[in-house]
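To start, the structure itself, in structure tokens.
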Amino acid sequence: MTTLKSKLQEDLNSAIKERDELRSSTLRLTLSAITNEEVAGKQKRELSDDEVLKVITKEAKKRREAADAFAQGGRAEQAEREKAEGVVLAAYLPKQLSDEELDGIVAQAVQEARAAGAEGPRAIGQVMKIVNPKVAGQAEGGRVAAAVKKHLAG
Numbered sequence: 702m703t704t705l706k707s708k709l710q711e712d713l714n715s716a717i718k719e720r721d722e723l724r725s726s727t728l729r730l731t732l733s734a735i736t737n738e739e740v741a742g743k744q745k746r747e748l749s750d751d752e753v754l755k756v757i758t759k760e761a762k763k764r765r766e767a768a769d770a771f772a773q774g775g776r777a778e779q780a781e782r783e784k785a786e787g788v789v790l791a792a793y794l795p796k797q798l799s800d801e802e803l804d805g806i807v808a809q810a811v812q813e814a815r816a817a818g819a820e821g822p823r824a825i826g827q828v829m830k831i832v833n834p835k836v837a838g839q840a841e842g843g844r845v846a847a848a849v850k851k852h853l854a855g
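Residue numbering for the sequence shown follows our numbering, beginning at 702 and increasing consecutively.
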């Protein structure tokens, strides 16, 4: 078992013992999503820590989107629950980049892409190829894309 997955399992066991319903249900759902990912495809496999991190990131994103949908639908109680579950999952994710840090990385990537001959709106793909490996897991794709578009437009 990978170290991140075993940490999730240990934290689930401690949350159950402490009768922490929010943490235990969130971790159960996350471990279930990890297991589903492991058995998806033609044969069962063990996920690496990076792959487990991607599943946790996906689950956290689901929680944010659900919280927004519940808030727009006037269901504040469910929105708060989803936000709380997102906070539980955030503890397992790497620290997110601030807007200033992201802007710096994007600005540098735009310069690299321009040096390679990429200009205008079509350069978005090239810049994203440079930026994505640098910010993997530390910034959401939507935030990165918005920053790239802003820098290319400016």
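The beta-carbon is built from N, C-alpha and C at its ideal position, and this holds for glycine as well.
Residue nearest to K762 within the set R724, K850, K784 is K784 (criterion: CA-CA distance).
With contacts defined as CB atoms closer than 8 Å, L713 and D750 fail to qualify as a contacting pair. Collapsing the DSSP output to three states places R764 in a helix. Assigned with DSSP and collapsed to three states, R815 falls in helix.
Across the structure, H852 and A810 are spaced so that their CA atoms are roughly 10 Å apart. A residue is called buried once 16 or more other Cβ atoms fall within 10 Å of its Cβ, and A848 is buried on that count.
Just so you know, the alpha carbons of V756 and A816 end up roughly 35 Å apart.
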